[in-house]
Structures are given as structure tokens and as C-alpha cells.
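Okay, structure first, notes after.
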Amino acid sequence: QKEVEQNSGPLSVPEGAIASLNCTYSDRVSQSFFWYRQYSGKSPELIMSIYSNGDKEDGRFTAQLNKASQYVSLLIRDSQPSDSATYLCAVNSGTYKYIFGTGTRLKVLA
Amino acid sequence: DVKVTQSSRYLVKRTGEKVFLECVQDMDHENMFWYRQDPGLGLRLIYFSYDVKMKEKGDIPEGYSVSREKKERFSLILESASTNQTSMYLCASTLGGAWTAEAFFGQGTRLTVV
Numbered sequence: 448q449k450e451v452e453q454n455s456g457p458l459s460v461p462e463g464a465i466a467s468l469n470c471t472y473s474d475r476v477s478q479s480f481f482w483y484r485q486y487s488g489k490s491p492e493l494i495m496s497i498y499s500n501g502d503k504e505d506g507r508f509t510a511q512l513n514k515a516s517q518y519v520s521l522l523i524r525d526s527q528p529s530d531s532a533t534y535l536c537a538v539n540s541g542t543y544k545y546i547f548g549t550g551t552r553l554k555v556l557a
Numbered sequence: 003d004v005k006v007t008q009s010s011r012y013l014v015k016r017t018g019e020k021v022f023l024e025c026v027q028d029m030d031h032e033n034m035f036w037y038r039q040d041p042g043l044g045l046r047l048i049y050f051s052y053d054v055k056m057k058e059k060g061d062i063p064e065g066y067s068v069s070r071e072k073k074e075r076f077s078l079i080l081e082s083a084s085t086n087q088t089s090m091y092l093c094a095s096t097l098g099g100a101w102t103a104e105a106f107f108g109q110g111t112r113l114t115v116v
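Take a look at the structure:
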């Protein structure tokens, strides 16, 4: 079983819709969770981090964490074509090591 | 503006060559990482370092070594390049001792071994 799992996609949504990206993780002691966006040919950049159960909102982005279900998600409201990218979920279990999922490719259709 | 800088954006090397990938960060971060990224496999950790001269193997260290002589610099060495090491290599750094810390990435080096 992979430590951090994401659906590879592509996830296609029309412009203006809500995009929902999901991630599950296997290590119950995981403490911190991150969403990175990676444009094609570029390096990952942080969008959101979340550490406690519930929702965390930043502009059009909302991260949701449910530690009991070992599940973290990213919602993108009013999706724009510029949001088209690969979204990487990363998990840290309180060590130096970050575990990345393989990413979900999002396509926002104009 | 915080920065992680990798020495080359694109690199083409021949099989058997010794290859050096350099990474420099200006954020005074304790932790530095080398990942490779391949389609369908995501980011895989090769090596990381939590202090000068300290290093730990990641998930796929075979065929690689690292050097960290100064806090700001972390080098990845391919002792004898092989075609299966053709990949995108990403360097990252984080603040030490903080499990909430964001990882900052360099721009990546696309290495092709022919």
C-alpha cells in the first residue's frame, strides 16, 4: 500500500466550477499535511498547509483534514484555466521526511 | 525572496560519467533534500541532510551519493551515470526541527543520460 495516495486524473472541471482533489495516507501518526501545485516543467510550490482536523480557507482554496479517516482534500472554488496543473499532496509524520503522493492532474476547461 | 537554486536547468551526460548536481539555499535552513521525479512515480527521496556533514539515505539511494560541506550547499553525485538515471531532479530545503515547515524547491534539473 502506498503511503500517500492520490488519483492521478486528469480531473477535468469547467471554468468557474469547484475542483475537489483528494488524498489518503497510511501513517496514523502523520502530523502535518501540505498541498503543492506544480505546473508542467516547473517545481512544486506550496498552496496550503493544514495541521488539525477541520477546514482551512485561503482565498479560493480550502483544505480539509480528517485524521480519523486519514483523509485530506483540497477544494478550489471558481476554478480558472490558470489552475490547470498537477497537485501534490505531502505528509510529514513529525520527522525530517516528507512523503509525497504521485499527484492529481487538474484541467480547467475554458 | 527565499531561494533554492540548482546549478543547471538541463544537463546531458554520457553513460559512465560522474555527474555533480549542485543546490544552494539562502534561507539558513538546516534540512536539505534531493528528490527525483518520474511520470507515474511522483517524487522519490534519494538522500537528505539535517546538518552539515550529516546525511541519511532516502528511498532510492542506490547509484547516488551526496555531500554537504557547508550549510547552504547540498550536492548530489551520480558516481557512474546510467540511462535509468535520466529524470527530473529536485532539491528542497526546510527549516530544522519544525514538522510544520514548508519545503522550498529549486527549479529542477532535467538530466538526460545517453
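Chains as they are written, first to last, in our numbering: chain A, 448 to 557; chain B, 3 to 116. Ideal placement from N, C-alpha and C gives every residue a C-beta, glycine not left out. A quick note: this is a predicted structure, and the numbers were derived from the prediction, not measured.
What in chain B is Cβ-close to residue i, meaning under 7 Å?
i, result
"G548 of chain A", "G44"
Residues of chain A with a CB under 9 Å from the CB of residue i: which are they?
i, result
"L47 of chain B", "K544, Y545, I546, F547"
"N33 of chain B", "Y543"
"Y52 of chain B", "Y543"
Do you know how far the Cα of residue j is from the Cα of residue i?
i, j, result
"S487 of chain A", "L468 of chain A", "18 Å"
"C25 of chain B", "K503 of chain A", "33 Å"
"L535 of chain A", "Y483 of chain A", "5 Å"
"V476 of chain A", "S540 of chain A", "6 Å"
"F35 of chain B", "R70 of chain B", "11 Å"
"S499 of chain A", "R524 of chain A", "22 Å"
"T549 of chain A", "K72 of chain B", "32 Å"
"I62 of chain B", "L92 of chain B", "14 Å"
"Q87 of chain B", "L458 of chain A", "30 Å"
"F107 of chain B", "V6 of chain B", "6 Å"
"A466 of chain A", "Q527 of chain A", "10 Å"
"P461 of chain A", "L553 of chain A", "11 Å"
Within the same chain, show all residues whose beta-carbon is closer than 6 Å to that of residue i, passing over the 5 residues directly before and after it, in chain order.
i, result
"S496 of chain A", "F481"
"K15 of chain B", "V21, A83, V115"
"E19 of chain B", "A83"
"L45 of chain B", "Y37, Q39"
Of all the options the options, which has the alpha carbon lying nearest to the alpha carbon of residue i?
i, options, result
"S529 of chain A", "A:Y498, A:R507, A:G548, A:V538", "A:R507"
"I79 of chain B", "B:M90, B:G65, B:K57, B:T85", "B:G65"
"T471 of chain A", "A:S459, A:Q517, A:E504", "A:Q517"
"I494 of chain A", "A:T549, A:V555, A:T542, A:A537", "A:A537"
"E452 of chain A", "A:A464, A:K554, A:F547, A:A557", "A:F547"
"V68 of chain B", "B:P41, B:N86, B:T96, B:Y37", "B:Y37"
"L23 of chain B", "B:G60, B:M90, B:M56", "B:M90"
"A532 of chain A", "A:P491, A:I465, A:S479, A:D525", "A:P491"
"M29 of chain B", "B:P41, B:R75, B:P63", "B:R75"
"N454 of chain A", "A:S479, A:V519, A:T509", "A:V519"
"L43 of chain B", "A:E462, A:A510, A:T551", "A:T551"
Please compile the residues from chain A whose C-beta is within a distance smaller than 8 Å of the C-beta of residue i.
i, result
"E104 of chain B", "F481, L493, S496"
If you drop the 5 nearest sequence neighbours on each side, which residues of the same chain put their C-beta closer than 8 Å to that of residue i?
i, result
"E450 of chain A", "Y472, S473, D474, V538, I546"
"E81 of chain B", "K20, G65, Y66, S67"
"Y52 of chain B", "E32, N33, E58, G98"
"V54 of chain B", "R70, E71, K72, K73"
"Q485 of chain A", "P491, E492, A532, T533, Y534, L535, G550"
"L556 of chain A", "S459, V460, P461, E462, P528"
My assumption, with CB atoms under 8 Å, is that residue i sits in contact with residue j. Please give the rounded CB distance.
i, j, result
"A2 of chain B", "A103 of chain B", "Residue 2 of chain B lies beyond the stretch modelled for chain B, which goes from 3 to 116, so this question has no answer here."
"Q8 of chain B", "G110 of chain B", "7 Å"
"K544 of chain A", "L47 of chain B", "7 Å"
Please list, in chain order, the chain A residues whose beta carbon lies closer than 7 Å to that of residue i.
i, result
"L113 of chain B", "The contacting residues do not exist; L113 of chain B stays about 14 Å from chain A at best."
"F107 of chain B", "S490, P491"
"G110 of chain B", "S490"
"L92 of chain B", "S490"
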